[in-house]
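Asker: Residue numbers (this note's numbering): 7 to 399.
Idealized CB from N, CA, C, for every residue including glycine.
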Amino acid sequence: MHQIKCPHCGEVFKIDESSYLNIVNQVRNEEFNKEIHARLEALSKQKESDSLLAQQKLENTHKDMLLKKEREHALELSVIKEELSSLKQQLQQADQTKELELMKAQETLKDELKEKEIELANLKREHEIILIEKDKEISLYKDFKARLSTKMVGETLEQHCEYEFNSIRAAAFPNATFVKDNIVVGGSKGDYIFREEDEHGNEIISIMFEMKNENETTATKKKNEDFFKELDKDRTNKNCEYAVLVTMLEADNELYNNGIVDVSHHYPKMYVIRPQFFIPIISLLRNASLNALKYKQELNLMKAQNIDVTKFEEELEAFKDSFGKSYKWASDRFEDAIKEIDAAIKALQKTRDALVKSENHLRIANDKAEDLTVKKLTKDNPTMKEKFDELKK
């Protein structure tokens, strides 16, 4: 128990342990809260004071930096103004120099332009002269074509291609031939056949050529596609890989005038060209075929090996067939011999049986002969007994 005196009335009273602790805690909590509140107020005032001081320092620092930047900016502006002034002077001098150079260049260009105008006028005159000469040549060529028959025009185109090939054959195609197709197969033939082989006899490339032209005065005008089917037939008949139509037909057709035309969508490996592309088409197709030559050589080797195997198989089959026939013949003869042997054995068996039987009869006869005596012979024959008696005497 604890005694507590009231500070106001002075009365003393007693309380138990738990009530006493409760009062003490209340007093302590009240004092602690007052102390905490006082400290929080002090800290808040200190914080405000520190914040004001820091803000003042920050404002002072910012002012100092602004003043420094203003001085630096002023200094830079001064330097830039000086540089600008110097550059302006240099530009003025450069402009003056450029103006002088431009004036000189203009004068030079004027002189060169006059010279070019003179040269151009000379070129125009020369070009006009050349055009006049070409017009004359064209006119002469047209007259020449008009005097030729359609067959002669075609033959002239063939001669052109043959000359073009022979002029470079030794250098470009030493192992190739370009010969006239004179063999008619199936009622038709081509114009020329180009073939080239390697040193082993493997075909590098083969081309069936057809040359077509017509006289401008011919009434019936042919088209290039009119000859595709016949050209493909000739290519197949002569076992050529490619087919090329060298043509002067359809002179105004831009498709054929622009270069090499691939018409393999109509017929396989077929091309249409103007005469100026005769050598280029051979070179292009030949180069493509040279790339595939290795595969052709390997294919031919495989074919040769297959031929050897085929020959071996044929010889083996022939041997098996011959052996089979011989075996059949021998088997038949063997069966006949066996039958004959069997028949002979049967005959010999019969002979043996007969001989065995004869032997039995001979043995019986021998036994009988051995058992035969004079007494038995003369027993019932007095005449014979008398004769034997006389022999004994």
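#1: Going by DSSP, what residues sit across from ASP249 in a beta bridge?
#2: List the DSSP bridge partners of SER84.
#3: What would DSSP say about ASP101, mapped onto helix, strand or coil?
#4: My output table needs one value for LEU93: the three-state DSSP class, helix, strand or coil.
#5: Is it buried or exposed, THR103, if we count other Cβ atoms within 10 angstroms and call 16 or more buried?
#6: Just reading off the alpha helix (DSSP H) that LYS186 is part of, what are its end residues?
#7: At what residues does the beta strand (DSSP E) containing PHE200 begin and finish?
#8: Around the Cβ of ASP240, are there at least 16 other Cβ atoms within 10 angstroms (buried) or fewer (exposed)?
#9: Can you name, in chain order, every residue of its own chain whose Cβ lies under 7 Å from the Cβ of PHE171, other than the five neighbours on each side?
#10: Under the three-state reduction of DSSP, which class applies to ASP268: helix, strand or coil?
#11: From ASP232 to VAL252, what does the alpha carbon distance come to, in whole angstroms?
#12: Helix, strand or coil: how does DSSP classify THR156 here?
#13: Any idea what DSSP makes of GLU209, helix, strand or coil?
#14: For THR223 and PRO180, I'd like the C-alpha separation in whole angstroms.
#15: Which two residues bound the contiguous alpha helix (DSSP H) that contains ASP232?
#16: Taking the alpha-carbon positions, what's the LYS45 to SER24 distance?
#17: Which one of VAL191, ALA249, ASP101 and LEU93 has the shortest CA to CA distance from ASN243?
#18: DSSP puts VAL190 in a beta bridge; with which residues?
Answerer: Looking at the atomic coordinates:
#1: The sequence shown places Ala at residue 249, not Asp. Looking at the DSSP assignment, ALA249 forms a beta bridge with MET214 and MET276.
#2: The partner list for SER84 (beta bridge, DSSP) is empty, contrary to what the question assumes.
#3: helix
#4: helix
#5: exposed
#6: Here LYS186 belongs to no alpha helix (DSSP H); instead the beta strand (DSSP E) covers 182–186.
#7: 198–203
#8: buried
#9: PHE184
#10: strand
#11: 13 Å
#12: The predicted position of THR156 is uncertain, since its pLDDT is 41 and thus under 50; no value can be drawn from it.
#13: strand
#14: For THR223, the predicted structure reports a pLDDT of 47, less than 50, and the residue's modelled location is therefore unreliable. A value from the coordinates is still provided. Approximately 40 Å, taken between the alpha carbons.
#15: No alpha helix (DSSP H) holds ASP232; DSSP gives it neither H nor E.
#16: First, the amino acid is wrong: residue 45 is Arg here, not Lys. When rounded, the distance between both Cα atoms is 31 Å.
#17: VAL191
#18: In the DSSP output, where bridge partners are listed per residue, VAL190 has none listed.
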